[in-house]
Amino acid sequence: MPIEAETISTSNSDCGVKFSPLIREASQKIRLSKLRDLLELERLEHHGQTLRDLAQEVSKAGEGEYLLLDYRDNKGVSCLIMAKSSTIVNIECLGIDENVEKQIEFLARACINGEGELRVYRVKPIFIEWLKKYEVGIPVLDKAHEKMFTEFQKVFTAILDGSADQVPGLIRTAYESVLEHFKIEEKLMMKYNYPRAKRREHVESHVEFENIVKKLIQAADEGRFIDLYIQQYQFLLTYLDYMLKEDKEFTKFLLEKCGIECNI
Numbered sequence: 033m034p035i036e037a038e039t040i041s042t043s044n045s046d047c048g049v050k051f052s053p054l055i056r057e058a059s060q061k062i063r064l065s066k067l068r069d070l071l072e073l074e075r076l077e078h079h080g081q082t083l084r085d086l087a088q089e090v091s092k093a094g095e096g097e098y099l100l101l102d103y104r105d106n107k108g109v110s111c112l113i114m115a116k117s118s119t120i121v122n123i124e125c126l127g128i129d130e131n132v133e134k135q136i137e138f139l140a141r142a143c144i145n146g147e148g149e150l151r152v153y154r155v156k157p158i159f160i161e162w163l164k165k166y167e168v169g170i171p172v173l174d175k176a177h178e179k180m181f182t183e184f185q186k187v188f189t190a191i192l193d194g195s196a197d198q199v200p201g202l203i204r205t206a207y208e209s210v211l212e213h214f215k216i217e218e219k220l221m222m223k224y225n226y227p228r229a230k231r232r233e234h235v236e237s238h239v240e241f242e243n244i245v246k247k248l249i250q251a252a253d254e255g256r257f258i259d260l261y262i263q264q265y266q267f268l269l270t271y272l273d274y275m276l277k278e279d280k281e282f283t284k285f286l287l288e289k290c291g292i293e294c295n296i
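In structure tokens, the structure reads:
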């Protein structure tokens with residue numbers, strides 16, 4: 033009888049590993065072998081050498097922290113294991129049956145027997161978070177910027193969590209935050225008489241960014257989560273560069289016009 037992902041927990045007599053109930057969908061839709069190449073990893077020193085130490089290593093993942101574990105044995109089997117906050121959220125094994133229940137059974141057996149070699153990596157945060165240094169000094173804009181970056185960060189998190197079913201909804205929420213932010217900027221331009229030519233250029237840039245995010249939505253709807261991860265990261269880098277350079281003239285104009293009291 034296959035081991036159910038939900039039933040493997042620290043209370044069992046196996047090697048004490050807890051699996052997310054979403055692990056089946058995660059392993060099918062978000063391939064760790066492709067995601068790994070996008071992550072910045074830090075090799076961690078650990079006392080254990082075999083899969084018997086899996087529970088010990090997974091337990092080191094703090095709240096909201098991700099660990100990527102690389103398991104290999106002498107029979108040609110290799111597994112990538114993503115853990116978050118002491119729970120395994122995704123796995124991908126090569127050299128054995130692709131069925132996730134079979135892979136969980138294999139890991140549990142190899143863990144109990146102390147087989148293979150285990151390497152542990154901390155996933156360094158790749159999220160582009162809103163930081164104080166990005167603030168422009170106008171509260172209504174800073175709040176909109178922060179909300180937009182926060183919503184996109186939720187998409188990154190869902191992909192790492194293996195929560196594939198949540199991604200399309202989250203990217204749409206991020207898109208709505210982009211539209212809301214652009215609407216605020218454009219209303220400020222009208223209210224405080226930002227020069228017409230510069231306003232037109234700004235709006236044209238907004239349309240270009242909106243179209244990029246629409247492509248992110250399409251990638252999510254088509255289940256291309258790795259492509260989405262890459263494209264969203266590139267979008268945020270591009271937008272951040274735009275914000276720190278192109279937006280600078282507009283925010284300088286506003287600060288001279290209305291300062292921190294600017295509002296729509």
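As numbered in the working numbering, residues 33 to 296 make up the sequence shown, in order. Even for Gly, the Cβ is constructed at its ideal location relative to N, Cα and C.
DSSP three-state assignment for residue i, whether helix, strand or coil
i	result
N145	helix
A115	strand
D18	Summary: the structure shown does not reach residue 18, with the chain confined to residues 33 through 296, and so no result is reported for it.
V199	helix
L126	strand
F296	Looking at the sequence itself, residue 296 is Ile, so the reference to Phe does not match. Three-state DSSP puts I296 in coil, outside helix and strand.
V109	coil
V49	coil
K246	helix
E167	coil
I136	helix
I191	helix
I120	strand
A93	coil
R256	coil
L54	coil
I62	coil
Q81	coil
Y261	helix
Y274	helix
Y207	helix
Contacts around residue i, its chain only, beta-carbon distance under 8 Å, and the 5 residues preceding and following it disregarded
i	result
P200	I249, A252 and D253
Q81	E149 and L150
Sequence-distant residues of the same chain with beta carbon closer than 7 Å to residue i, five excluded per side
i	result
V152	L76, H78, E89, L99 and L101
F285	Y226
Contacts around residue i, its chain only, beta-carbon distance under 6 Å, and the 5 residues preceding and following it disregarded
i	result
K289	Y224
S300	In the structure displayed, the chain extends from 33 to 296; residue 300 sits before or after that span and is not available.
R231	M221
Per DSSP, the bridge partner or partners of residue i
i	result
R75	Y153
Item to check | Stretch-stretch touch, CB-based, cutoff 8 Å, three pairs: the region 171-191 with the region 204-216 | outcome: yes
Next on the checklist: Across the region 184-198 and the region 220-227, are there enough close Cβ pairs to call them in contact, namely three or more that are closer than 8 Å?
Outcome noted: Under the Cβ criterion (8 Å, minimum of three pairs), the region 184-198 does not count as touching the region 220-227.
Checklist entry - Does the region 166-177 touch the region 261-281, meaning 3 or more C-beta pairs lie closer than 8 Å? => result yes
Checklist entry - Counting pairs of beta carbons, one from the region 123-134 and one from the region 51-59, are three or more of them closer than 8 Å? => result Three or more Cβ pairs closer than 8 Å define a contact, and the region 123-134 meets that threshold against the region 51-59.
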